[in-house]
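Numbering (the numbering used here), first residue to last: 27 to 962. Here a beta-carbon is modelled for each residue, glycine too, at the ideal position from N, C-alpha and C. Predicted model only: the values in this text are computed from it and were never measured. As structure tokens, the structure follows; a few thoughts come after it.
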């Protein structure tokens, strides 16, 4: 009996504990729910008179949780990103439906049970926003996207009417710009759609329209219910971007105001108030008011809503890893700033409870967090918030890995890898000790002394010979230095250092430092390393060609023999388009192979897989001796209107750099984010955990390569213009099927077409953040032409096969393209991309059987021969901002395997004759040694 009573007490205790778990969490101020997914959007919905949390994952999956954290159901939808969610009872059944605006062009509508009621698609372009309105005949839905239309839909998905932005827009895309690549129409895309209360309680539709992702604050358009033209429209009239829009009533007069949050750097960060009646626009500057409090740099979306704290109404602004609390008049003096360790992907005010719901931490989190604003302890809980789930896992995984490699010894059979140069590492208390230790060793990795120069040389350009670049200046720089000033700043940096790096110029002005001053810097450097960084060299008109001939090539000539490099840090489709214009032939020919270093500045880009194929193809061809990579805050921004780029734990940057270095990158241009965490990379290079290969050691290139001739104009222009969003023209798109498609600003996160190189070569499914591409059949390089009329047979670089591993001798296969069509080697035939791609795809698949291994799964990989009987296989979790545990499926081709071992853990791994599977921990990488019975 006593045992029975004790058992009952135990059961009762457990029951009370389980019942009180949620209450305890609420007592702490925050309830956290681990979803197992990276959550990008959160909302709330009412089902059967109960409140639920709606979550959207990185993959576009919809998940429903109750407030205790129990999952009701989830739905995968299309597998593509959702750019917006809206929850409303559109069919008057007493339950909210969930409306998802998807990047595949569909609106998906789910009911409270998780069933797909219907879907609607007007065009292939991504949808950006969705909402629901009350019309004369009840509810109707409004959607808008990159095709420049608004669509009114019935609750059952029937099209009521469509409204073309060109017919009423205030946005002038050409504006004062003279760039012919910019769309000429007066138009915009719907950035946000929301209902609002207007005079006398009338519900109206608010449309925020914009046409440029980088510099378009845009305009506001107000529509009465059911109307097809706006009754009021006005420009917001300030520079910047809009990444968030909330409808509030701060003065309690029954008429809504708008609160617009910027999307960009802290320096541009602001909240903009908009009065719908008076059209008054008031901006509140973070830079001016909260610069000291908002310490961490980052590209951030400011999200603001009106909440109740006690009896007081306050504006609650989430910006990066900060919350700013201000009264309803945005009073700065009484504002409170709360800072925590992590930034979050999204914020939503629960319409039922008034609580704030946060989506996952941007650094790789998988939780939803509910801030119970009626509990004063929420502030302390927010400051101390340490999310569990995937973020906790990857932090532990990294710490364990770092501990393990302290005793790592490079395998005796491995050759010495290539040297690595960290060009821009910021030294602080997080990494100072380890960098000092590595510098004393006087071997790779080398750390260059980097110099930032807000002021540049004011030199006499009168005789330069080109009017455009005689007058050109970069507005971010002050032109205030003499030649001697520049020398006094840069030359002392050589002392006690291996070398230096600095901006030699920029696409806005490549000549920030005169040629004569550059020469004096190189002379002063002597035998020490000098890297001149030239970002964003994306212009390709005759004026820039003049700069190439009269500035960059003369600089490259002078740099020969001086241990100096020109680091070409370009953007977009440069390395498989602009580089193949005549002005860049000096680089492509290999004449300056020891000087130029290809790299990328991948901001707003959507096609990183192509970046790898392009810049590594240039390197592999012999045009350059080295290549480089860059990791920066804003790399995670594929769509500038939603710049959630405040990752405070740079795990994504770490994995990207591991992949780059393991693929042969030597020159690394990194922006500092948590240097203590990131410094494990330096140890990995130092100890040989990462093997840095020569191009001739890589055995994971597919024998098929795609050679680029002079790029087609449409591909050239739109492939290098990702900022403008109003390019889409259905007739034009339907009548041109391109080898490289959907690269302009109208396609954020859009599905890749079946005939696109990215689909059949790299295995990419969408235009979004493919920094760790799969290339299951081996990397397909994009190279200079090797054969036929397009080949430069006299180029100093020589033949592609001469630079690759000997196994590629006589097995490489070339296809030629201009970026739009495929071309025959004799130049006499043109083949359409949407049919001929099958020939290329088949050749790639067949070619994959001729390399030692293939790897499939959600991993990036590279295989390198490190000794006659050994292949080093690097495997990386490829979820760039969506890390997870991954499984790599490895297939052995024409090799006889003797054994497989993890070179870090020393674990012997089971394998069959032909294949094996390997687990890669969340946020990590593995390095396998494949020992061969017969030398490769």
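Does DSSP put residue i in a helix, a strand or coil?
{"i": "residue 865", "result": "helix"}
{"i": "residue 478", "result": "coil"}
{"i": "residue 169", "result": "strand"}
{"i": "residue 232", "result": "strand"}
{"i": "residue 602", "result": "helix"}
{"i": "residue 47", "result": "Any answer about residue 47 is weak, because its pLDDT of 40 lies below 50 and its placement is not dependable; what the coordinates show is given next. Three-state DSSP puts residue 47 in a helix."}
{"i": "residue 788", "result": "helix"}
{"i": "residue 547", "result": "helix"}
{"i": "residue 326", "result": "strand"}
{"i": "residue 187", "result": "strand"}
{"i": "residue 686", "result": "helix"}
{"i": "residue 571", "result": "helix"}
{"i": "residue 639", "result": "helix"}
{"i": "residue 486", "result": "coil"}
{"i": "residue 114", "result": "strand"}
{"i": "residue 648", "result": "coil"}
{"i": "residue 618", "result": "coil"}
{"i": "residue 122", "result": "coil"}
Would you report the Cα separation of residue i and residue j, rounded to the nearest angstrom?
{"i": "residue 506", "j": "residue 539", "result": "11 angstroms"}
{"i": "residue 609", "j": "residue 681", "result": "35 angstroms"}
{"i": "residue 601", "j": "residue 431", "result": "36 angstroms"}
{"i": "residue 357", "j": "residue 777", "result": "45 angstroms"}
{"i": "residue 537", "j": "residue 291", "result": "26 angstroms"}
{"i": "residue 231", "j": "residue 369", "result": "31 angstroms"}
{"i": "residue 152", "j": "residue 791", "result": "14 angstroms"}
{"i": "residue 633", "j": "residue 789", "result": "12 angstroms"}
{"i": "residue 350", "j": "residue 363", "result": "5 angstroms"}
{"i": "residue 642", "j": "residue 721", "result": "9 angstroms"}
{"i": "residue 245", "j": "residue 346", "result": "25 angstroms"}
{"i": "residue 737", "j": "residue 211", "result": "25 angstroms"}
{"i": "residue 260", "j": "residue 418", "result": "46 angstroms"}
{"i": "residue 104", "j": "residue 883", "result": "19 angstroms"}
{"i": "residue 564", "j": "residue 597", "result": "7 angstroms"}
{"i": "residue 653", "j": "residue 845", "result": "23 angstroms"}
{"i": "residue 343", "j": "residue 299", "result": "13 angstroms"}
{"i": "residue 869", "j": "residue 526", "result": "45 angstroms"}
{"i": "residue 522", "j": "residue 551", "result": "12 angstroms"}
Taking Cβ to Cβ, would you say residue i is nearer than 7 angstroms to residue j?
{"i": "residue 635", "j": "residue 799", "result": "yes"}
{"i": "residue 677", "j": "residue 390", "result": "yes"}
{"i": "residue 183", "j": "residue 146", "result": "yes"}
{"i": "residue 888", "j": "residue 733", "result": "no"}
{"i": "residue 252", "j": "residue 164", "result": "no"}
{"i": "residue 612", "j": "residue 579", "result": "yes"}
{"i": "residue 404", "j": "residue 395", "result": "no"}
{"i": "residue 61", "j": "residue 371", "result": "no"}
{"i": "residue 121", "j": "residue 108", "result": "no"}
{"i": "residue 187", "j": "residue 457", "result": "no"}
{"i": "residue 496", "j": "residue 502", "result": "no"}
{"i": "residue 1004", "j": "residue 675", "result": "Only positions 27 to 962 of the chain appear in the structure, and residue 1004 is not among them; the question remains open."}
{"i": "residue 329", "j": "residue 341", "result": "no"}
{"i": "residue 296", "j": "residue 285", "result": "no"}
Uninterrupted beta strand (DSSP E) stretches inside the stretch 801 to 889 (no shorter than 3 residues):
Complete beta strand (DSSP E) runs here, min 3: 839 to 843, 879 to 882.
In chain order, which continuous runs of the beta strand (DSSP E) of length 3 or greater are located wholly inside the stretch 393 to 461?
Whole beta strand (DSSP E) segments, 3+ residues: 393 to 397.
Can you check the stretch 891 to 959 for any alpha helix (DSSP H) of at least 4 residues that lies completely inside it and give the ranges in chain order?
Whole alpha helix (DSSP H) segments, 4+ residues: zero.
At 4 residues or longer, what runs of the alpha helix (DSSP H) sit wholly inside the stretch 498 to 538?
Runs of the alpha helix (DSSP H) inside the stretch 498 to 538: 509 to 516.
Would you call the stretch 868 to 877 and the stretch 749 to 764 touching, i.e. three or more CB-CB distances under 8 angstroms?
At 8 angstroms Cβ cutoff, the stretches do not touch.
Complete alpha helix (DSSP H) runs within the stretch 720 to 744 (minimum length 4 residues, chain order):
If we require 4 residues or more, the stretch 720 to 744 turns out to have no alpha helix (DSSP H) run fully inside it.
For the stretch 336 to 393, which segments carrying the beta strand (DSSP E) assignment without a break, of at least 3 residues, lie completely within its bounds, in sequence order?
Runs found: 338 to 345, 348 to 353, 362 to 365, 373 to 375, 382 to 384.
The stretch 462 to 479 touching the stretch 738 to 749, judged by at least three CB pairs closer than 8 angstroms:
No: fewer than three Cβ pairs fall under 8 angstroms.
Any 3 or more C-beta pairs closer than 8 angstroms across the stretch 478 to 498 and the stretch 507 to 524
The stretch 478 to 498 is in contact with the stretch 507 to 524.
Going residue by residue through the stretch 272 to 326, where are the continuous beta strand (DSSP E) segments of at least 3 residues, counting only ones entirely within it?
Positions of the beta strand (DSSP E) runs, each at least 3 residues long and wholly inside the stretch 272 to 326, are given as 283 to 291, 296 to 301, 307 to 311 in order along the chain.
Any contact of the stretch 260 to 272 with the stretch 167 to 181, i.e. 3+ C-beta pairs under 8 angstroms?
Output reads no: the stretch 167 to 181 does not touch the stretch 260 to 272.
If contact is defined by three or more beta carbon pairs under 8 angstroms, each pair taking one atom from either stretch, is the stretch 307 to 318 in contact with the stretch 655 to 673?
Not touching, per the Cβ criterion.
Looking at C-beta atoms only, is the number of pairs between the stretch 902 to 919 and the stretch 937 to 951 that lie closer than 8 angstroms three or more?
As far as the Cβ criterion goes, the stretch 902 to 919 touches the stretch 937 to 951, which means the pair count is three or higher.
Would you be able to state if there are at least three C-beta pairs under 8 angstroms between the stretch 585 to 596 and the stretch 713 to 731?
At 8 angstroms Cβ cutoff, the stretches do not touch.
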